[in-house]
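Under the working numbering, the first residue of the sequence shown carries the number 572, and numbering increases by one thereafter.
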Amino acid sequence: MPSYEDLESKVIDTGICTVCGACLLACPTSHVKYIEGKPRRPKRTMDCVGCSTCYEACYMFRHGLIKDIEGSILGWGKKDSVGIYKRIVAARTMEQNIEKACQDGGIVTTLLIYALDRGIIDGALVVGKDAWMPVACIAKTRDEIILSAGTKYGVVPVLKELRSAVVDHGLRKICVVGSPCHIQSARYLKHKGLPLASSVKLTVGLFCRENYDYQCITEKARGKGLNINQIDKFNVAEEFNIYAGGKKLSFPITEVKSCVPKHCVVCEDFAGELADVSIGSDGSPEGWSTVIIRTEEGEAVFSGLEREGLIETEAVGGLVYIREIAQRKREKGKQTKDIFKLKEEGLDKKEIAAKLGITEERVSHRLEGL
Ligand SMILES: Cc1cc2nc3c(=O)[nH]c(=O)nc-3n(C[C@H](O)[C@H](O)[C@H](O)COP(=O)(O)OP(=O)(O)OC[C@H]3O[C@@H](n4cnc5c(N)ncnc54)[C@H](O)[C@@H]3O)c2cc1C
Ligand code: SF4
Ligand code: SF4
Ligand code: SF4
């Protein structure tokens, strides 16, 4: 029977672990901890029964199943490189205090508050911050939801809080907000029938080209003369942007490529394809969000926001653009995965290039995360 040791050697130590938090959540005796940015069981103790629950909870072993899940839960919709969907619109919040706190159009925060006020959810797994370090949190009130607004870069085991949300806080109608990897994992746990996951009633995915190691971007900011505590906002589009003291500092994304974790360079999901609703900034003007509504649950909550005038909507201008980003990420992730696999089999760069029909330079770039 596979156990924690297999999870550690096949996923955590190989660098493909996305730090979704599912193994931390699943261990019935809380032996898997979050240590220095990774899930770890500190040492084998008598209490670790070798039950394999942590291993079974990891969606990394079952990527084929993601396709089955897509077919069974997302149901009817159009399908292209951003996944299955019912409709895509641009939107922004009408609430001024959300506008001040949010990252883009404030749709995530507005949607969570609406869902909470109407009893559609009784809480949400969100991401707060310590300085700018992302921290997994449970939000049960309007204020807690607003406090979590804004994007924080860095890995964060969002799903680890699900146990506490259900067991300690008694929540039964939870919304999970997260990157596409968090959403894939949450869907997988539901599909597997993990009892705690039955309380997840809604999922909101964030678009994601890549993530950055928190310590690494802290160092990069320091190198630009900025202390992390002076920073008001991070944002990544065509450039890496840091807002501080009313000024905007932009530099090429290539300067932060060394901060991208390995699991992100092999990732193929840009648009949170398994979420009920996916939200990002790409494809819409500054201050607006692009919203992809995929499921009946997603449609019910989003049309509620429209009906009650909590948001403003318009047609999305950049549909072709987001389709291209999604397609490029899928192809790049797949190719990088193949390159790592061949490297592990002992092939050198030249052999890998020949085998995949690409240049040696491309192989080097992919291995460096470019
Ligand atoms: C790592 C990362 C990469 C991204 N890359 C892109 C991109 O390439 N293109 C694009 O269009 N959009 C990207 N986004 C999404 C974008 O930054 C906004 O989150 C999105 O547009 C929603 O904006 P909003 O104003 O509606 O959100 P808000 O109302 O401000 O709410 C933001 C929500 O994001 C959650 N959150 C914050 N940080 C994290 C985190 N690290 N992990 C999980 N959840 C978090 C919070 O819980 C909060 O509920 C990325 C987000 C993240 C976290
Ligand atoms: S008790 Fe079970 S779930 Fe927890 S670490 Fe040990 S094998 Fe994994
Ligand atoms: S369940 Fe998530 S956090 Fe745990 S090893 Fe797998 S990918 Fe990593
Ligand atoms: S690039 Fe993929 S693995 Fe990395 S944070 Fe985004 S969704 Fe997760």
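By construction, the Cβ of each residue, glycine as well, lies at the ideal position given by its N, Cα and C atoms.
Check                                                                                                                                                                          : Outcome
Should Arg780 be counted as a contact of ligand 4 given a C-beta to heavy atom distance under 8 Å?                                                                             : yes
Could you tell me the distance, in whole angstroms, from the CA atom of Ile923 to the CA atom of Cys673?                                                                       : 44 Å
Going by other Cβ atoms of all chains shown within 10 Å of its Cβ, with 16 needed for buried, is Val766 buried or exposed?                                                     : The residue you asked about is not Val; residue 766 is Pro in the sequence shown. Exposed, since its Cβ has fewer than 16 Cβ neighbours within 10 Å.
Check whether the segment 874-884 touches the segment 928-939, counting contact only when three or more Cβ pairs, one atom from each stretch, lie closer than 8 Å.             : no
Mind listing, in chain order, the continuous beta strand (DSSP E) runs of no fewer than 3 residues lying wholly within the segment 758-809?                                    : 771-777 and 802-807
Would you kindly work out how many angstroms separate the C-alpha atoms of Tyr656 and Asp701, rounded to a whole number?                                                       : 35 Å
Could you tell me the boundaries of the alpha helix (DSSP H) in which Ala661 lies?                                                                                             : No alpha helix (DSSP H) contains Ala661, which is instead part of the beta strand (DSSP E) from Arg658 to Thr664.
Buried or exposed: Val679, going by 16 or more other Cβ atoms within 10 Å of its Cβ?                                                                                           : buried
Any contact of the segment 786-798 with the segment 819-831, i.e. 3+ C-beta pairs under 8 Å?                                                                                   : yes
Below 8 Å, is the gap between the Cβ of Leu767 and the nearest heavy atom of ligand 2?                                                                                         : no
Would the segment 727-742 and the segment 592-600 be scored as touching if the rule is three or more Cβ pairs under 8 Å?                                                       : yes
With burial defined as no fewer than 16 other Cβ atoms inside 10 Å of the residue's Cβ, what is the status of Ser874: buried or exposed?                                       : exposed
Short of 6 Å in beta carbon distance, which residues of its chain neighbour Val603, apart from the five on each side in sequence? Order them along the chain.                  : Cys594, Leu595, Pro610, Arg612 and Cys625
Classify Arg758: buried if its beta carbon has 16 or more other beta carbons within 10 angstroms, exposed otherwise.                                                           : buried
Per DSSP, what kind of secondary structure is Ile716 in: helix, strand or coil?                                                                                                : helix
Determine contact between the segment 894-907 and the segment 688-706, defined as no fewer than three beta-carbon pairs at a distance below 8 Å.                               : no
Return the chain-ordered list of same chain residues with a C-beta closer than 7 Å to the C-beta of Ile799, the five sequence neighbours on each side being excluded.          : Ala702, Trp703, Thr789 and Ala792
In the structure shown, what three-state DSSP assignment does Phe841 receive?                                                                                                  : coil
Give me, in chain order, the residues of the same chain whose beta-carbon lies closer than 8 Å to that of Ile745; leave out the 5 immediate sequence neighbours on both sides. : Ile692, Asp693, Gly694, Ala695, Leu696, Leu733, Ala736, Val737, Ser770, Val771, Lys772 and Leu773
Taking only heavy atoms of ligand 1 into account, decide whether any of them is closer than 8 Å to the Cβ of Asp675.                                                           : yes
Applying the criterion that 16 or more other CB atoms from any shown protein chain within 10 Å of the CB defines a buried residue, is His634 buried or exposed?                : exposed
Within the continuous beta strand (DSSP E) that includes Leu927, where are the two ends?                                                                                       : That residue, Leu927, is in no beta strand (DSSP E); its alpha helix (DSSP H) goes Lys920 to Leu927.
Quick one, are the C-beta atoms of Val849 and Val653 less than 9 Å apart?                                                                                                      : It is Ser, not Val, that sits at residue 849 in the sequence shown. In contact: Ser849 and Val653 (Cβ atoms closer than 9 Å).
With a threshold of 8 Å (Cβ to nearest heavy atom), would Thr774 be considered close to ligand 4?                                                                              : no
Count the other C-beta atoms from every protein chain shown that fall within 10 angstroms of the C-beta of Met631, then say buried if there are 16 or more, exposed otherwise. : buried
I'd like to check one pair, Ile637 with Ile684: are the Cβ atoms closer than 9 Å?                                                                                              : no
From this set, Ser580, Glu916 and Ala686, which residue's C-alpha is nearest Cys629's C-alpha?                                                                                 : Ser580
Measure how close the beta-carbons of Val887 and Thr861 come, nearest whole angstrom, since I'm counting them as under 8 Å.                                                    : 6 Å
So, is Gln755 buried or exposed, given that buried needs 16 or more other C-beta atoms within 10 angstroms?                                                                    : buried
Confirm the yes/no value for this check: CB of Ile583, any heavy atom of ligand 3, distance under 8 Å.                                                                         : yes
State the CB to CB distance for the pair Ala662 and Gly676, rounded to an integer number of angstroms; the pair is presumed to be in contact (CB under 8 Å).                   : 6 Å
Identify whether Gly621 lies in helix, strand or coil by the three-state DSSP scheme.                                                                                          : coil
Taking only runs that begin and end inside the segment 726-762, name each unbroken beta strand (DSSP E) of 3 or more residues, in chain order.                                 : 745-749
Does ligand 3 have a heavy atom nearer than 8 Å to the CB of Gly592?                                                                                                           : yes
My output table needs one value for Gly690: the three-state DSSP class, helix, strand or coil.                                                                                 : coil
Leaving out five residues before and five after Arg937 in sequence, what residues of the same chain have Cβ atoms less than 6 Å from its Cβ?                                   : Thr907 and Ile910
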